[in-house]
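**Q** Please see the structure below; I have some questions.
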Amino acid sequence: KNQVEQSPQSLIILEGKNCTLQCNYTVSPFSNLRWYKQDTGRGPVSLTIMTFSENTKSNGRYTATLDADTKQSSLHITASQLSDSASYICVVSAPGANNLFFGTGTRLTVIP
Amino acid sequence: DSGVTQTPKHLITATGQRVTLRCSPRSGDLSVYWYQQSLDQGLQFLIQYYNGEERAKGNILERFSAQQFPDLHSELNLSSLELGDSALYFCAGSAYLTGELFFGEGSRLTVL
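Heads up: the protein sequence lines correspond to chains R and H, in order. Start counting at 1 in the first sequence, then tack on 144, and there's your number in the numbering used here. Mapping the second sequence onto the numbering used here, position 31 (from 1) lands on 29, and the numbers just tick up by one.
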């Protein structure tokens, strides 16, 4: 069964600290993996998208890694800011229609 | 700004009523996806249209229907509304080459 699991479910960190969010998936075949940031009550916004051949991709203070062999991805946030408080959603894509599998997200809260 | 427009932003209605949510994808994006997000829940895929035709169906209730028009805008029709239908409804367009999703800001439906 194609599934995407994210951990932790929620996380609270101090402003300025780093954190790492995890995404494990069983989706096969695999096309790409995406990380989205969703502010409360807003639409998700794409952070990174990685294909099978990419191990790491950065977007400012966000760095995503992908290990396609172990079917694991992580999102590392450096020097967190209050505006990083949001849900982070991992989405794995397989070829074909109805091919997107969503994790339930990690709720990150950055406190001063 | 993702370039995807959803209207209305907020909608309050009563049980048993019918509502229509509207989505305009970015110029040139042929795919439209509809998602439902209940309070503190993950995104649930409802339905996808591609260039006017239904491409994939998710967990969409029979009381819900959608269509995509020749100008590529899409409408999601929700009828015989129940309290449990209260949620954020997101529309997303898909970039042709990358498949990246661009989400609208959502329509918040409250059924009283």
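Note that beta-carbon positions come from the ideal geometry of N, C-alpha and C, so glycine has one too. Please read all numbers here as calculations on a predicted model, not as lab measurements.
For Arg205/R, does the count of other Cβ atoms within 10 angstroms reach 16, so buried, or fall short, so exposed?
**A** Answer is exposed; the Cβ neighbour count stays below 16.
**Q** What runs of the alpha helix (DSSP H), each 4 residues or longer, lie entirely inside the segment 155 to 235 of chain R?
**A** The segment 155 to 235 of chain R contains no whole alpha helix (DSSP H) run of 4 or more residues.
**Q** Could you work out which residues of chain R lie near Glu103/H, taking near to mean beta carbons separated by less than 7 angstroms?
**A** Simply Arg186, Gly187.
**Q** How would you list, in chain order, the residues of chain R whose beta-carbon sits under 7 angstroms from the beta-carbon of Thr96/H?
**A** Those within 7 angstroms of Thr96/H in chain R are Ile193.
**Q** Could you list which residues in chain H have their beta carbon closer than 8 angstroms to that of Leu177/R, in chain order?
**A** Here the premise fails: no neighbours, minimum Cβ distance about 12 angstroms.
**Q** Would you report the Cα separation of Ala223/R and Leu165/R, rounded to the nearest angstrom?
**A** Rounded to the nearest angstrom, the two C-alpha atoms are 14 angstroms apart.
**Q** Find the residues of chain R that neighbour Gly40/H, judging by a C-beta separation of less than 8 angstroms, and give them in chain order.
**A** Correct list: Ile233, Phe246, Gly247, Thr248, Gly249.
**Q** With respect to the beta strand (DSSP E) encompassing Tyr94/H, which residues constitute its N-terminal and C-terminal limits?
**A** Counting along the chain, Tyr94/H falls outside any beta strand (DSSP E), and DSSP gives it neither H nor E.
**Q** Three-state secondary structure (DSSP) at Leu81/H?
**A** Of the three classes helix, strand and coil, the one that applies to Leu81/H here is helix, per DSSP.
**Q** Output yes if chain R places a C-beta closer than 7 angstroms to the C-beta of Phe113/H; else output no.
**A** Outside the shown range of chain H, which is -1 to 110, sits residue 113/H, and nothing can be said about it.
**Q** Just to confirm before moving on: does the CB-CB distance between Leu99/H and Trp32/H stay below 7 angstroms?
**A** The answer is no: Cβ separation not under 7 angstroms.
**Q** Leaving out the 5 sequence neighbours to the left and right, which residues in its chain are closer than 6 angstroms to Leu110/H when beta-carbon positions are compared?
**A** If we look at Leu110/H and ignore the five residues flanking it on each side, its Cβ neighbours are Ala12.
**Q** Is the CB-CB distance between Asn168/R and Gln225/R below 7 angstroms?
**A** Result no, Cβ atoms of Asn168/R and Gln225/R do not sit closer than 7 angstroms.
**Q** Just tell me which of Leu219/R, Thr195/R, Val235/R has its CA closest to the CA of Ser175/R.
**A** Out of Leu219/R, Thr195/R, Val235/R, Thr195/R has the C-alpha closest to the C-alpha of Ser175/R.
**Q** Let me check one thing: in DSSP terms, what residues is Gln153/R bridge-paired to?
**A** Beta-bridge pairing links Gln153/R to no other residue.
**Q** Name, going along the chain, the residues of the segment 59 to 90 of chain H whose beta-carbon falls closer than 9 angstroms to a beta-carbon of chain R.
**A** Hits within the stretch, in order: Leu86, Phe88, Cys89, Ala90.
**Q** Which residue marks the beginning of the beta strand (DSSP E) containing Val254/R, and which one marks its end?
**A** First-last of the beta strand (DSSP E) with Val254/R: 250 to 255.
**Q** Can you find the residues in the same chain that come closer than 6 angstroms, C-beta to C-beta, to Leu191/R, ignoring five residues on each side of it along the sequence?
**A** Cβ neighbours of Leu191/R beyond the five flanking positions: Trp179, Lys181, Asn203, Tyr206.
**Q** Secondary structure at Arg16/H, three-state DSSP: helix, strand or coil?
**A** Looking at Arg16/H - three-state DSSP - the assignment turns out to be coil, as it is neither helix nor strand.
**Q** Pull up the distance between the alpha-carbon of Gln46/H and that of Thr253/R, whole angstroms please.
**A** Approximately 32 angstroms between the Cα atoms of the pair.
**Q** Comparing C-alpha positions only, which one of Arg106/H, Ser92/H, Leu107/H sits nearest to Val302/R?
**A** Not covered by the structure: residue 302/R. The range shown for chain R is 145 to 256.
**Q** Counting only beta-carbon atoms, is Ser190/R nearer than 7 angstroms to chain B?
**A** Judged by its chain identifiers, the structure shown contains no chain B, and its protein chains are R and H.
**Q** For Ile45/H, write down the residues that DSSP places opposite it in a beta bridge.
**A** The partner list for Ile45/H (beta bridge, DSSP) reads Trp32/H, Lys55/H.
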